[in-house]
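The structure under discussion appears below in the form of structure tokens.
2 protein chains.
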Amino acid sequence: MSTDHTRRRSRASMREVADRAGVAMSSVSRVLSGHPDVSPAMSEKVMRAVDELDYRPDILAQSLRRRETLSIGFVVGDISNPLFAEIVTGVESTLHSNGYSMLLTNSLGDPMLEAAHIELLSHRRVDGLVISVLDETHPEPMSQLRGLDIPVVVLDRSVPSDIPVSRVLSDHRSGMKEAGLHLLDLGHRRIGLIGGTPVRPALERRAGLEDAFAARGLPATYTADEGSFAVEHGATAMRRYLDLPEPPTAVIAGGNQLMLGALRVVAERGIALGRDLSFVGCDDVAITDLFQPAVSVVRRDNVAMGRTAAELILGRLRDDAVPEDVVLPTEFVARPSCGPPP
Amino acid sequence: MSTDHTRRRSRASMREVADRAGVAMSSVSRVLSGHPDVSPAMSEKVMRAVDELDYRPDILAQSLRRRETLSIGFVVGDISNPLFAEIVTGVESTLHSNGYSMLLTNSLGDPMLEAAHIELLSHRRVDGLVISVLDETHPEPMSQLRGLDIPVVVLDRSVPSDIPVSRVLSDHRSGMKEAGLHLLDLGHRRIGLIGGTPVRPALERRAGLEDAFAARGLPATYTADEGSFAVEHGATAMRRYLDLPEPPTAVIAGGNQLMLGALRVVAERGIALGRDLSFVGCDDVAITDLFQPAVSVVRRDNVAMGRTAAELILGRLRDDAVPEDVVLPTEFVARPSCGPPP
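Residue numbers (my numbering), protein chains in the order written: chain X, 358 to 699; chain A, 358 to 699.
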């Protein structure tokens, strides 16, 4: 795989390989097809030209027009987010029962690596791709996506409208509105929202919280502390809130990793949730009902998200009419981490 | 990919393709190499024979002898185990800084699917394979591993000695001995060990606990409740222990998912760890220092395990002399979940 991602490669032709190697096209044919009657010197000459031109013979394309590889790629942005395990399980089980396999890559949170992985999976001839892009506007992954001629399903992100994809989205907005109403009705007015990277889920959560204030006819007296979706940002933002002269009486962590970081600070400082401070997290990961007290969350069904993504890919491979967007619900679950303001 | 894993395919030759298609070998060459001057009818005839014989032209093999695909496969047994995220991160970052990519598959805990994934990655021509087999004796994955001609690194498992692999192992035994000594020195004698599938880590943990009793000159008065590594088994075994007429005064969960299940029962029943019951888990996952009280664990460095696996693969690809086994330490961390017996 080339590591030069900025150059858009135009595909070399067999003619160019023959010219570069200084041999006849029939010789290139014989070498590339594995014909037994080829001298080592000829093979060497042709393969050097193939390497230099990065020529990929059309055999793969031809073979693909006739039979699929029965594999789907999944470009995971950062596998340390436990949500991906659930989504992957949903995708894998649905693909498996339809005779497909899944190949995953992990981008370590790096959009350049993400772009390289889209290219890698495309070279390995997957029949379709599932991705939750790290950065909705980064030119490299977007340019790689634009170049694909296979069905692509994007998870919970917005991508430029000229990239033809189906999307599976979570309705973060309505779940977060419910969370906001719960806090407002308990009497909270100073609310802190720890936001992540300003991509679709973060923007929707913020809109949902504003909906809640609007629904009660109140001014939107919340503050947002946006950053990344990482555990560290959750901890940093929580510390910043708690150290304010007038700290918020309720904090919402807009992401499960942010929640983890925020809860570490809560544990460190011996804060009693639901009494000293009200707290809402996102995603029903293991910690939420094992923490003391149990933590209110906006939850969603990630296995269903994976399953839906796989169904969209399979539908598009069968040329079924599939929706452009599928929106899955979120749900607010009230638990003892929320109480009236102190 | 074939789903018939029991049949060992012998490779069809180009001659057989030509015979089956009823055309000259030069015609097969031209079709397979993507020569522009081929009629659709000829292409159709040859490609049908290619399909029927499952012919894979030697171009891939030739190309590989000259340049690697610069990709490594990682067959993950069950991605819902959060340890894999850390191991994957270690593997990926090491591979990436050496110019390699990683392709993952997830086997949903099913050894047959695991075997299919080894085959899939081998067909996609990865340069090496990292795997933590689900079942050390299941014939299908073992037979697939036996057939590979690329470097294989096995994580924390024993495989039959005729399969040439390198291994990265955790020294579970010494960490678990420390945990056992801690409990014995606090005065515990009735200890329950929730074990997982009886593969290497589970067997080592049990041996470590026996080492602790032996080191204190005590009879090994513990009981083991073995099953799977799943959350559910952790909960079931914990309930069984607590419902005994004479329950253990200390319980060890031999795995992070088992720990999660056991802690759910602790939370359900309102048991105060360190006072009503002492408890030790495995692996320093998020829950252990957020639970009240914080949970003692035998911990290991999973990112280092991934990094080491990648280094072994890269070393073998460079034909360096690499060790057969690398053993990484584990460490017991005492926290307030352990106290004297009630």
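Beta carbons: idealized from backbone N, C-alpha and C, even for Gly.
Quick caveat: nothing in here was measured; it's all calculated off a predicted structure.
| Check | Outcome |
| --- | --- |
| Under 9 Å by beta carbon: chain X residues contacting Arg-481 (chain A) | Thr-426, Ser-428, Leu-460, Arg-481 and Arg-482 |
| From A:Ser-400, A:Gly-574 and A:Asp-513, residue whose alpha carbon lies closest to that of Leu-440 (chain A) | A:Asp-513 |
| Alpha-carbon spacing of Val-637 (chain X) relative to Thr-426 (chain X), whole angstroms | 44 Å |
| Rounded C-alpha distance that separates Gly-591 (chain A) from Ile-551 (chain A) | 7 Å |
| Residue-chain proximity (Arg-692 (chain A), chain X), Cβ-Cβ < 7 Å | no |
| Collapsed DSSP secondary structure at Thr-578 (chain X) in the structure displayed | coil |
| is_contact[Ile-416 (chain X), chain A] using C-beta, thresh 7 Å | Note that Ile-416 (chain X) scores 45 on pLDDT, short of 50, meaning its location in the model is unreliable and no value can be drawn from it. |
| is_contact[Pro-697 (chain X), chain A] using C-beta, thresh 7 Å | no |
| Residue-level contact to chain X via CB, Val-779 (chain A), 7 Å cutoff | Any answer about residue 779 (chain A) is impossible in this case: the structure gives chain A only from 358 up to 699. |
| C-beta contact flag for Leu-465 (chain X) and Ala-667 (chain X) at 7 Å | no |
| Simplified DSSP state of Thr-593 (chain X), which is helix, strand or coil | helix |
| CB contact flag (Arg-563 (chain A), His-529 (chain A), <7 Å) | no |
| Rounded separation between Val-395 (chain X) and Val-388 (chain X) - CA only | 6 Å |
| Proximal residues of chain X, C-beta to C-beta of Thr-446 (chain A) below 8 Å | Ile-436, Ser-437, Asn-463 and Leu-465 |
| Closer than 7 Å to chain X by CB, Arg-387 (chain A) | yes |
| His-471 (chain X), DSSP secondary structure in three states | The sequence given here has Glu at residue 471 (chain X), not His. If DSSP states are grouped into helix, strand and coil, Glu-471 (chain X) belongs with the helices. |
| Per-residue burial, Glu-443 (chain X) [other beta carbons within 10 Å of its own, 16 or more giving buried] | buried |
| Own chain, CB closer than 7 Å to Phe-586 (chain X), minus 5 neighbours either side, in chain order | Gly-553, Thr-554, Gly-612, Gln-614 and Leu-615 |
| Close Cβ partners of Ala-569 (chain A) (< 7 Å) along its chain, the five nearest in sequence each way excluded | Lys-534, Gly-537, Leu-538 and Leu-541 |
| Val-511 (chain A) beta carbon less than 7 Å from that of Ile-475 (chain A) | no |
| Identified DSSP bridge partners for Val-433 (chain X) | X:Asn-463 |
| Residues near Arg-692 (chain X) by beta carbon distance below 8 Å, same chain, minus five either side | Thr-645, Asp-646, Pro-650, Ala-651, Val-652, Ser-653 and Val-654 |
| Which listed residue (X:Ser-400, X:His-392, X:Met-382 and X:Pro-393) has its alpha carbon closest to that of His-392 (chain A) | X:Met-382 |
| Which of helix, strand or coil DSSP assigns to Arg-673 (chain X) | helix |
| Test: Leu-620 (chain X) CB closer than 7 Å to a CB of chain A | yes |
| Interface flag, Ile-644 (chain A) vs chain X, CB-CB below 7 Å | yes |
| Minimum Cβ-Cβ distance from His-529 (chain X) to chain A less than 7 Å | no |
| Proximity test, Cβ basis, 7 Å: His-392 (chain A) and chain X | yes |
| Reference His-495 (chain X); option with closest CA among X:Leu-486, X:Leu-505 and X:Ala-472 | X:Ala-472 |
| Where Ala-327 (chain X) falls: helix, strand or coil (DSSP) | The structure shown has nothing for residue 327 (chain X), since chain X only spans 358 to 699. |
| Burial state of Thr-578 (chain X), where buried means 16 or more other Cβ atoms lie within 10 Å | exposed |
| C-beta neighbour in chain X for Ala-442 (chain A), strict 7 Å | yes |
| Counterpart residues of Leu-550 (chain X) in DSSP-defined beta bridges | X:Ala-581 and X:Ile-609 |
| Contact check, Arg-503 (chain X) vs Ile-520 (chain X), beta carbons under 7 Å | yes |
| Short CB-CB distance (under 7 Å) between Ala-624 (chain X) and chain A | yes |
| Helix, strand or coil at Phe-648 (chain A) according to DSSP, with G and I counted as helix | coil |
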